[in-house]
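The opening residue of the sequence shown carries number 156 in the numbering used here; numbering runs sequentially from there. Here's the structure, in structure tokens; my notes come after.
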Amino acid sequence: MFGLPPVQGLYHPRNEHDSCGVGFVANVRGRKSHEVVACGLEILVNLDHRGAVGA
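Written as structure tokens, this is what we have:
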């Protein structure tokens, strides 16, 4: 299998970009918490290999 997966749900291959990395964390109830901050920091650690150093 080669290429990108077909269009499905919210996914569309035209939105793919080379070496792209995104992370998003939120509390759906709008509550502030240290857990949200910790998860955000974990995302940055995991994106380090994507060039997110210093983000």
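Think of the CB as a built atom: it goes at the ideal place given N, C-alpha and C, for glycine as much as any other residue. Please read these numbers as outputs of a predicted model, since none were measured by experiment.
Cβ-Cβ distances below 8 Å link E171 to L159 in the same chain, with the five nearest sequence neighbours on each side left out; the list follows chain order. When C-alpha distances from V200 are compared across V183, N182, K187 and G178, the shortest belongs to G178.
DSSP places A181 in no alpha helix (DSSP H); its state is neither H nor E.
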